[in-house]
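Note sheet for the following structure.
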Ligand code: UDP
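Numbering (our numbering), first residue to last: 628 to 951.
In structure tokens:
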């Protein structure tokens with residue numbers, strides 16, 4: 628199938644593009660390279676450098692691609708930044724997304740797989756988080772993703788655009804070729820691995836007084852290749868649906884650090900810091916629905932092989948894509 632991928636030069640997008648191409652699909656990437664990297668573009672994909680804020684550009688690229696389906700990864704995704712610059716999040720994630728939907732309608736493209744997030748749930752009343760829980764975002768990032776989810780419903784009802792929403796929990800790990808390299812790195816695992824590489828002297832632990840067994844936040848880390856697999860399955864879904872995507876297991880910040888020490892064989896000094904604003908104590912997915920309906924099961928259930936894959940990539944690319 629011909630697939631149009633926005634944000635295909637970013638962390639999650641680049642690895643999904645790689646897996647789509649491996650499975651025999653034809654891919655056109657649309658990316659403005661503001662967050663993504665040229666070196667993360669799979670050379671087998673066609674590349675169109677463009678902006679979602681430009682409706683003409685997106686419509687031209689989509690029409691030229693001849694795609695039958697869209698995978699929409701392009702977005703800003705930093706919770707903290709969204710709390711200081713909400714305009715950027717609503718403009719890029721909501722208005723930019725609307726331009727994409729408009730282009731889909733005008734080009735007659737009837738299928739979209741959307742990268743959403745557990746941040747649409749805010750602080751959940753219980754874990755694991757299944758799809759029946761109320762969505763109450765606590766930051767503009769989560770709100771912007773929820774607004775796009777809500778628009779999808781109406782584009783389905785009115786224009787027959789079928790959607791699959793995948794709400795990721797904590798994407799982590801790497802493929803053999805592509806990995807995690809953000810210009811501003813706020814994520815836990817790459818920050819710990821920078822310490823292991825000797826590029827930072829310590830890692831901060833944001834909050835040690837959470838109501839969890841070791842006092843640090845618990846997250847559900849999902850291997851990027853399992854995530855990519857879910858996108859492939861979503862392509863073949865015939866009905867519109869929304870799915871939560873994680874392993875169903877939780878790992879605390881201290882446990883992640885200890886596993887990184889084990890995998891790298893290097894000691895990771897830590898500095899205990901106050902809580903980071905907007906961080907719920909525990910986020911764990913229930914992925915029963917996608918398992919039941921699309922047959923998705925994560926191959927990587929444990930944190931150690933996820934970190935091993937990330938470490939391998941960071942060792943090979945100590946300066947990320949800059950060094951390529
Ligand atoms: N975290 C931390 N130190 C860091 C980065 C993150 O203690 O340098 C914590 C963060 O507060 C959260 C967890 O690690 O509880 C995962 O954060 P990350 O930014 O990787 O993903 P998020 O859960 O925000 O999507």
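Cβ atoms here follow ideal geometry from the backbone N, Cα and C, with glycine treated the same way.
In angstroms, rounded to a whole number, what distance separates the CA positions of residue i and residue j?
i, j, result
"residue 920", "residue 663", "32 Å"
"residue 856", "residue 655", "19 Å"
"residue 820", "residue 735", "44 Å"
"residue 861", "residue 766", "27 Å"
"residue 688", "residue 675", "7 Å"
"residue 827", "residue 897", "11 Å"
"residue 879", "residue 725", "37 Å"
"residue 799", "residue 924", "16 Å"
"residue 802", "residue 686", "31 Å"
"residue 891", "residue 882", "14 Å"
"residue 824", "residue 940", "12 Å"
"residue 858", "residue 830", "32 Å"
Among the options, whose alpha-carbon lies nearest the alpha-carbon of residue i?
i, options, result
"residue 784", "925, 866, 682", "866"
"residue 652", "694, 677, 795", "694"
"residue 756", "945, 883, 637, 874", "874"
"residue 782", "917, 807, 907, 737", "737"
"residue 843", "908, 628, 890", "908"
"residue 630", "686, 659, 692", "692"
"residue 838", "942, 902, 889", "902"
"residue 931", "895, 848, 945", "848"
Mapping the DSSP letters down to three states, classify residue i as helix, strand or coil.
i, result
"residue 701", "coil"
"residue 904", "coil"
"residue 636", "coil"
"residue 821", "helix"
"residue 815", "helix"
"residue 937", "helix"
"residue 738", "strand"
"residue 891", "helix"
"residue 828", "coil"
"residue 655", "strand"
"residue 730", "helix"
Is residue i near ligand 3, judged by its Cβ being under 7 Å from some heavy atom?
i, result
"residue 833", "With respect to ligand 3, the structure shown offers nothing to examine, as its ligands consist of ligand 1."
Open item on the list: Quick check: the stretch 748 to 767 against the stretch 806 to 826, are at least 3 beta-carbon pairs closer than 8 Å?
Closed with: no
Task: Exercise answer, beta-carbon shell around ligand 1 heavy atoms below 6 Å - done: These are the residues, in chain order, with a beta carbon less than 6 Å from any non-hydrogen atom of ligand 1: 706, 797, 813, 814, 815, 818, 830, 831, 832, 833, 844, 846, 880, 903, 906.
Open item on the list: Tell me whether the stretch 628 to 639 and the stretch 666 to 682 touch, counting them as touching only if at least three CB pairs, one residue from each stretch, are closer than 8 Å.
Closed with: yes
- [ ] Could you tell me whether the stretch 870 to 886 touches the stretch 906 to 920, using the rule of 3 or more Cβ pairs below 8 Å?
- [x] yes
Task: Sufficient close CB pairs (3 or more, under 8 Å) joining the stretch 926 to 936 to the stretch 770 to 780 - done: no
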